[in-house]
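**Q**
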Amino acid sequence: MFRATNILYLTSSFLLFSNLFYRGESCFFTTKTFVTFVNSLPQNNSKPLYVHCASKDDNLGNHTLAAYGESWGFKFCPIPFTTLFYCDLNWGELFMSLHAYDAQWSYNPCDVHAERMECTVHVRILNVIPESYRDPILVHCSSKDNDLGNHTLTNNQSWGFRFCVKPFSTLFVCKLRWGDAQVGFHAYDGKWLFTDCESSEYCTWRVDEHGVHPARVDLVPTRMDLATYLDTILLASRLARASHCAPNLHAYRHAMLSALR
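Residues -26 to -1, 1 to 235 (mature numbering (1 follows the signal peptide of the UniProt record, and there is no 0)) are what the sequence shown spells out, left to right.
What follows is the structure, encoded as structure tokens:
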């Protein structure tokens, strides 16, 4: 009798314990996470949104969100500091990649930050070159993990992107080409201690015939041409490195003002 009771107890315990690990039913030590994509693109545009998500171990296949408000998602049990799901989105000629879930996020956008957009930064590049100059600006921005593609800005056009910041890690580099002139700069760097962005959520870069600079700070004299501006940026970078300081916008400003005196 004792033996039968113990066998029954061990069997029921094993079934209960196995159920904890049963994929799709429950998680052990963590809470099940749901990731959802919702098509909120303009209703007057007939192009569908194509979504493809995967992790190191799972390929979730291709999905099409054709109508406004249509959604698709997936669920999983996250493994602390390990789970990573990345997704590719394709809408017409536009393409982007993003981390839909990263267990290494310092700030989890799935929590209260997402509702209040506290972790989201909006970067915008604005073409304010006078209409008398006909050459458009060619823009290409990328980070270590995301290539945001090529974009063309004519007079008074803008383009931008948004992301959730990883402190001391996030870095977006943008390259601009205007005719024969080109420049590369850090549109956002998580290592910045001080920024010339409008706020913690918005960072706008203005491009005119003299160069590129933060929209809230007019650093470039009207008589300075793009070549001189780029030379000054290079000088600022060298001075910043020579002084063993991180080459940020404040170092650039100081070197630029010194060079113009």
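Using N, Cα and C, we set each Cβ at its ideal position, and we do this for glycine too.
With DSSP collapsed to three states, give me the class of A41.
**A** coil
**Q** Helix, strand or coil for D62 per DSSP?
**A** D62: strand per DSSP, three-state reduction.
**Q** Just how far apart, CA to CA, sit Y162 and V186?
**A** 14 Å
**Q** According to DSSP, simplified to helix, strand and coil, what is L15?
**A** Of the three classes helix, strand and coil, the one that applies to L15 here is coil, per DSSP.
**Q** When you compare only the Cα positions, how much space is there between residue 281 and G47?
**A** The shown model of the chain, from -26 to 235, leaves out residue 281, and the question about it has no answer.
**Q** Pick helix, strand or coil for F168, following the three-state DSSP scheme.
**A** coil
**Q** Which residue from V9, I111 and A189 puts its Cα closest to that of T57?
**A** Closest option to T57, Cα to Cα, is V9.
**Q** Taking only the alpha-carbon atoms, compute the straight-line gap between D192 and V181 and give it to the nearest angstrom.
**A** Any reading at D192 is ruled out, since the residue's pLDDT is 46, under 50, leaving its predicted position unreliable.
**Q** Confirm, please, whether the CB-CB distance from F142 to K165 is below 7 Å.
**A** yes
**Q** Starting from C27 and walking both ways along the beta strand (DSSP E), at which residues does that stretch end?
**A** Membership of C27 in the beta strand (DSSP E) is indicated by the continuous run L23 to A28.
**Q** Let me know the secondary structure DSSP gives G153 once reduced to three states.
**A** coil
**Q** For D119, I'd like the list of residues in its chain whose CB is within less than 8 Å of its CB, leaving aside the five on either flank, ordered along the chain.
**A** Y60, S71 and H73
**Q** Please work out which residues of its chain come closer than 6 Å, Cβ to Cβ, to P52, disregarding the five sequence neighbours upstream and downstream, and give them in chain order.
**A** Excluding residues within five positions, the ones whose Cβ falls inside 6 Å are T4, T7 and A77.
**Q** Run through the DSSP bridge pairs and tell me what L145 is partnered with.
**A** D163
**Q** What residues in its chain sit with their C-beta under 6 Å from that of T196, if we drop five residues either side in the sequence?
**A** Per-residue confidence for T196 stands at a pLDDT of 39, beneath the threshold of 50, marking its modelled position as unreliable; the derived number appears in the next sentence. For T196, where only same-chain residues beyond five positions count, there are no Cβ hits under 6 Å.
**Q** Specify, as a first and last residue, the run of the beta strand (DSSP E) that W179 falls within.
**A** Y176 to D182
**Q** Mapping the DSSP letters down to three states, classify D121 as helix, strand or coil.
**A** strand
**Q** Cβ atoms of I111 and L150: under 7 Å apart, would you say?
**A** yes
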